[in-house]
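Note sheet for the following structure.
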Amino acid sequence: MIKKIRVDHRLLHGQVAFSWVHALGVDCIVIANDKILKDQMALMAIKMAKPVGVKLVVKSIDDFIDSAKSGITDKYKMFVITENIVDACKIAEALGIQKINLGGTKAQPEKRQISQAIFLTNDEEELIMDMVTKGIVFEVQMVPGDKVTNVKELL
Amino acid sequence: MGRTFILASHGKLADGLRRSVEMILGQQKNLVTLCAYEEDGYCIEREIENIFHTITEDTDFIVLTDILGGSVNNEFIKVKEKYDFYLISGMNLPLLIELLLNQTEEDTKEYIRRALSNSKKTIDIFEETNSADYMDVFDF
Numbered sequence: 002m003i004k005k006i007r008v009d010h011r012l013l014h015g016q017v018a019f020s021w022v023h024a025l026g027v028d029c030i031v032i033a034n035d036k037i038l039k040d041q042m043a044l045m046a047i048k049m050a051k052p053v054g055v056k057l058v059v060k061s062i063d064d065f066i067d068s069a070k071s072g073i074t075d076k077y078k079m080f081v082i083t084e085n086i087v088d089a090c091k092i093a094e095a096l097g098i099q100k101i102n103l104g105g106t107k108a109q110p111e112k113r114q115i116s117q118a119i120f121l122t123n124d125e126e127e128l129i130m131d132m133v134t135k136g137i138v139f140e141v142q143m144v145p146g147d148k149v150t151n152v153k154e155l156l
Numbered sequence: 004m005g006r007t008f009i010l011a012s013h014g015k016l017a018d019g020l021r022r023s024v025e026m027i028l029g030q031q032k033n034l035v036t037l038c039a040y041e042e043d044g045y046c047i048e049r050e051i052e053n054i055f056h057t058i059t060e061d062t063d064f065i066v067l068t069d070i071l072g073g074s075v076n077n078e079f080i081k082v083k084e085k086y087d088f089y090l091i092s093g094m095n096l097p098l099l100i101e102l103l104l105n106q107t108e109e110d111t112k113e114y115i116r117r118a119l120s121n122s123k124k125t126i127d128i129f130e131e132t133n134s135a136d137y138m139d140v141f142d143f
């Protein structure tokens, strides 16, 4: 089962690896991303960042959705990380997930900053609004010790 | 019994380490820092006394210093008979994270030994490997 799905443009890094895995009590981290499987250096970095005692899976978005639907992931308590909001929404819709954690998105000039670490394009804001009306909750929270803010309060 | 961590360094390392660990794990309650010798006339003996006197609750003290054989570490050794604490030298971020995250009920000395052993493995040189060799480990 999926314990949490998180958007974090840095994917797997110390902050994620240590604090979330510990707080969630998960036994499997899934990096769901279409580009990273072709990026040798990024894969090596991810392999090094993996905390001891946790399984690490790297899948394309579609492959992950297929795996989750097939039932082979049922035995895992999963922490799923996507690089961007579009990917997370795609997975949430396909698998009926009600809540998405927003951990960090890349700062870019054309984006609007809504919290310390979350920057959104107009398209992403619209996507979030659309998902919110469908009942999906977006929580802005960098690390487990931080306060949770519902994205509705920030838009 | 709870555990209180005292980070002690020459200059700002202890405060910096605290900021870094809190960036990763969020705010930490049982963490005290001692940044020694920043000002003229700084008296480390007095600062050490202050720490042990201000924390009155029943707790295990774990002192982490910046370097073995350094004066900060030596000053804590001097008061080892007077106060009850565990003293670790060579503090760093992985060690502190390990200590803060994996707090078990076991004997504090055993818990420290395990944290040291785990975090020492994280000091390493990056070696490039062929991703074809480990792609299978990324699958369910």
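In the order they appear, the protein sequences are chains Z and D.
Taking the numbering used here, the leading residue of the first sequence gets 2, the next gets one more, and so forth.
Taking the numbering used here, the leading residue of the second sequence gets 4, the next gets one more, and so forth.
Every residue, glycine too, gets a C-beta built ideally from N, C-alpha and C.
Inter-residue Cα distance where the pair is residue i and residue j
i, j, result
"I129 (chain Z)", "M49 (chain Z)", "33 Å"
"F88 (chain D)", "R116 (chain D)", "15 Å"
"Y86 (chain D)", "H56 (chain D)", "10 Å"
"N151 (chain Z)", "R113 (chain Z)", "17 Å"
"T68 (chain D)", "F8 (chain D)", "11 Å"
"I101 (chain Z)", "D61 (chain D)", "41 Å"
"G157 (chain Z)", "F19 (chain Z)", "This structure leaves residue 157 (chain Z) out entirely; chain Z is present only between 2 and 156."
"I115 (chain Z)", "D124 (chain Z)", "14 Å"
"S92 (chain D)", "S74 (chain D)", "11 Å"
"M4 (chain D)", "E84 (chain D)", "21 Å"
"E50 (chain D)", "A95 (chain Z)", "58 Å"
Nearest to residue i (by Cα), restricted to the options the options
i, options, result
"L103 (chain D)", "D:I27, D:F143, D:D87", "D:I27"
"G29 (chain D)", "Z:V149, Z:V144, Z:N151, Z:L156", "Z:V144"
"T125 (chain D)", "D:N133, D:D142, D:L99", "D:L99"
"P110 (chain Z)", "Z:S20, Z:T122, Z:Q117, Z:Q99", "Z:T122"
"I62 (chain Z)", "Z:A46, Z:A89, Z:M79, Z:K51", "Z:A89"
"A118 (chain D)", "D:I128, D:E130, D:N95, D:L34", "D:N95"
"V24 (chain D)", "Z:E84, Z:G15, Z:D64, Z:D28", "Z:G15"
"N121 (chain D)", "D:T132, D:E101, D:I128, D:R22", "D:E101"
Cβ-based neighbour list, residue i, same chain, cut-off 7 Å, excluding 5 preceding and 5 following
i, result
"T107 (chain D)", "Y114"
"C38 (chain D)", "S12, G14, K15, A17, D18"
"D9 (chain Z)", "V17, I82, G104, G105"
"L25 (chain Z)", "K4, K5, F80"
"L20 (chain D)", "L10, M94, L96, L99"
Sequence-distant residues of the same chain with beta carbon closer than 8 Å to residue i, five excluded per side
i, result
"T111 (chain D)", "R6, D63, I65, Y89"
"R11 (chain Z)", "V17, G105"
"A108 (chain Z)", "Q114, F120"
"E130 (chain D)", "none"
"L156 (chain Z)", "I115, E126, I129, M130"
Same chain only: Cβ atoms within 6 Å of residue i, ignoring 5 sequence neighbours per side
i, result
"G97 (chain Z)", "none"
Which of the residues in the region 20 to 36 of chain D, read from start to end, lie with their CB under 9 Å from any CB of chain C?
Checking the listed chains, one finds no chain C in this structure; the protein chains it contains are Z and D.
Please list, in chain order, the residues of the region 125 to 151 of chain Z that have any C-beta partner in chain D closer than 9 Å.
The residues in question are M143, V144, P145, G146, D147.
In the region 57 to 68 of chain Z, which residues sit with their C-beta less than 7 Å from some C-beta in chain D, listed in chain order?
L57, V58, V59, S68
Near-chain D residues of the region 10 to 21 of chain Z - C-beta to any C-beta below 8 Å:
Within the region 10 to 21 of chain Z, G15, Q16, F19, S20 place their CB atoms closer than 8 Å to a CB of chain D, listed in sequence order.
Taking only beta carbons into account, state which residues of the region 68 to 79 of chain Z come closer than 8 Å to chain D, listed in chain order.
S68, I73, T74, Y77
Which of the residues in the region 5 to 21 of chain D, read from start to end, lie with their CB under 7 Å from any CB of chain Z?
none
Report the residues of the region 92 to 119 of chain D with a CB closer than 7 Å to any CB of chain Z, ordered along the chain.
I100, L104
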